[in-house]
Structures are given as C-alpha cells and as structure tokens.
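Residue numbers (my numbering): 8 to 344.
The beta-carbon is built from N, C-alpha and C at its ideal position, and this holds for glycine as well.
Please read all numbers here as calculations on a predicted model, not as lab measurements.
Okay, so here's the structure we're looking at.
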Amino acid sequence: MLLAPLAVAACDDQGEQAKAETDVARNRDIERVAQAPRTCLASPSPRCLTDLGLSMVDDPAAEPLDRYFALIRAAEALGVMGATADYDALFDRLSAMAGDFEDEDADYAEELLVEVLAAGGRTEDREDLMAALDEAGRWYDGAAIAKYLAVGGERASQVAVVEDVLALVEEEAFNEESPYVFTAIDLLELCRSRPFLDSTVFPPETWKAVSAVTGLIPRLLAQVERGTEQGGFDEAYGGVYYRLATVQCAAADGIAADRTQPLLRETRSFFQANTAALDDIDRVTFLEDSIVTQWTLGDRDGALAQTDLTFPSIDTAIILFRLATYMALEGKERTSL
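Here you go:
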C-alpha cells in the first residue's frame, strides 16, 4: 500500500529536479546576454531583449511595485513569444508578488494582470478578471490588449474591447467641461494596436470609427489647452501624449516615415520644454513610450540607440521588454486571418 505514495513522491521529486535544472539553464542564458549586451542590440531578437531586461530587474534598491510592473512587461513579451514554460513561471511569480501589495497598489497589480493574461492566451482567466473589474467599475487597458487578442485569433473579443475603447474616447471628445488627459493613452495604444487588428471581423461602422480616431486628437488637445492653466500638469501631460498619439495614429493611417519622424522629434521637443510640470514617473514613462513609438515607426536602430546600457535599471528593462513584445508581435501572423 505504500508503493503508490512513494511513486507519487518520486515523480514530484523528479519534477522539482527538472524544474530546478530548467531554472539554472535559464539563469545561465540571462547571465550570458547580460555579459555581452551590445551583441544583443547589434542583432536583436525577442528572446535576447527579454533576457537582457531580466538581468536588470532584481535590483535590491528598486521599489517592489516598480519591479512588479517591469515583470508584467516581461511576461507580456514571453507570452507573445510563445515561451510557455517561462511565461507560466513568471506568471506564478507575479501572482505571488501581487498578494504582497495593499489598497491602491493591490488594485493596480491586479488590473495589470489583464494584459499578461491576454498576451499569454489565457482566455478564460482573462475574461473572468475583466468581468470582475467591469462589475466593480475598475480600470484595465483595453486599447493595449487589443493587439494580443488580434494575434491570438480572438475575433469577437478584439471587436468588443475596441468598441469599449471607442466609446470612452468619444465620450471624452465631446465632454467640454472636464477634458480627461489620460484619454491620450487610449488613443496612443489603440493606434499601436491597429496594425494587428483584423478589419474583416469588425462591423463597417466600427472600423470606420477606428480609422477616424486621428481626427479627434486636435479637438481633445484643444480642450486640454483651453481648460487648464498655462504650465499645469494637465496641459503638459495632455500636450505630450496627444502629440505622441498623433504620431502613432498617423503611422497607422499609412503616413510615411519621412513625415512621422519629424512629428516625433517635435513631440520630444515639446516634452523637453514641459518636463518641469511632470513628475519623475511621467517623465520616465514618456521616454519609454517615445522609444516604443520610434520602434513602431520602423526606426529600430534609432530606438535601440536610445537604450542606455551604461547604468542598467528597471526603466531600461521595461523598454527592452516592450521592444521585445513588438518585435514578437511583428513576427507573428494573425491567426484570425
């Protein structure tokens, strides 16, 4: 009667040993890339960019929430790459970390998992979490996950999510009283997702609305500039991100790089002139977003050249994870087509 429990224990021991050996091998891969980072940037791949970022995230001086956010971006990259074992292991780590946060940090940690679930193809878990957040009136970034749903072949889900985003954007576009500057992020991410969306699964009126969002940006930007004091946070943040959204949407509209790159340079100049009104987090986030936009405009060399490897940091890791994600997305065929 003791044979069965012993056999199970032996299998468990073998499984743990195999996992430990896999972890050692992965750590060795990460260390190898960290020792020659320029080699990775000279010939980047989603895997080496992700490994290089992973070599930077365990800085003991980093805040736990910052490390968590960086690992969220790493998990997205691994999910899109189809690195199932590494994705699962990192998801388990994120789930454990999320339990250590409290109050608003705990809410934010949970909301970010929607993107991880979408990138990894965990449809049922993602839909359950989205439903729970919707019921509670809480946030998740639908515009950012649309691209994952598209490349994952989730026809109905990509339409539903995009229609929700469009409704939010339209509501703000015609709200004259209190312009909401963070709508700029929805527009930016929606236009980043657009190249991956399958237009054939959208109702014609919805796809027309997706294509028309570029035209809403001047109206929204004018509302921000009209409704805030000169030099205030709203004007600076809205001015920066609506301009960045303009660049990304112009690229999605098929505007050539020789016209979009000058727009990006002008946006960076505006950012430099208004940094005093933004806090440290917003300044770092814009730098990350502008580098990602440069990458999605087709200027990979220029984007990688701005990745500072002199002082490896959480911020640099996040940039590497995001570039790895887009590189993997660009290399995947949309299974919905």
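Going by other Cβ atoms of all chains shown within 10 Å of its Cβ, with 16 needed for buried, is residue i buried or exposed?
i, result
"A258", "buried"
"V215", "Checking the sequence shown, residue 215 turns out to be Lys, not Val. Looking at its Cβ environment, which holds fewer than 16 other Cβ atoms inside 10 Å, K215 is exposed."
"L9", "Any reading at L9 must be qualified, since the residue scores a pLDDT of 36, below 50, and its modelled position is unreliable; no value is offered."
"P12", "Unreliable placement is indicated for P12, whose pLDDT of 44 sits below 50; the coordinate value is still reported in the next sentence. Its Cβ having fewer than 16 others within 10 Å, P12 is exposed."
"E28", "With a pLDDT of 44 at E28, under the threshold of 50, the modelled position of that residue is not reliable, and the figure given next carries that caveat. Label assigned to E28: exposed."
"P210", "exposed"
"L327", "buried"
"N34", "exposed"
"E273", "exposed"
"R201", "buried"
"L267", "Note on residue identity: the sequence assigns Thr, not Leu, to residue 267. The residue is buried, with at least 16 neighbouring Cβ atoms inside 10 Å."
"A252", "buried"
"A84", "buried"
For the alpha helix (DSSP H) that contains residue i, what are its first and last residues?
i, result
"W146", "Taken as a continuous stretch (DSSP letters only), W146 belongs to no alpha helix (DSSP H), as it is neither H nor E."
"G219", "It is worth fixing the name first, because residue 219 is Ala in this sequence and not Gly. Unbroken run through A219: none, as it is neither H nor E."
"E83", "71-88"
"D58", "53-61"
"P44", "44-49"
"T91", "91-105"
"E337", "321-337"
"G309", "307-312"
Considering only the alpha carbon of each residue, which of the options lies closest to residue i?
i, options, result
"L56", "A229, A125, Q42", "Q42"
"V172", "E109, L316, V220, R39", "V220"
"A126", "I152, A113, A143, K339", "I152"
"A81", "D287, E111, D107, L124", "L124"
"E117", "A96, G128, D141", "D141"
"T347", "D95, R39, D36, G60", "The question about residue 347 has no answer here: the residues shown for the chain are numbered 8 through 344."
"I298", "L271, T282, A284, N281", "L271"
"E242", "T253, D148, L227", "L227"
"V176", "V40, F318, G222, G160", "G222"
"A280", "I192, N182, G239, A139", "G239"
"I192", "V217, Y244, S206", "Y244"
Three-pair Cβ contact test at 8 Å for the region 288-295 versus the region 319-330
yes
Report the start-end ranges of each alpha helix (DSSP H) in the region 114-196 that is 4 residues or longer and not cut off at the edges.
130-142, 149-158, 162-180
Which ranges does the alpha helix (DSSP H) cover as unbroken runs of at least 4 residues, wholly within the region 232-291, from first to last along the chain?
240-259, 264-280
Looking at C-beta atoms only, is the number of pairs between the region 301-321 and the region 258-274 that lie closer than 8 Å three or more?
yes
Given 8 Å, three or more beta-carbon pairs between the region 70-78 and the region 331-341
no
For the 8 Å Cβ check, are there 3 or more pairs between the region 157-167 and the region 108-117?
no
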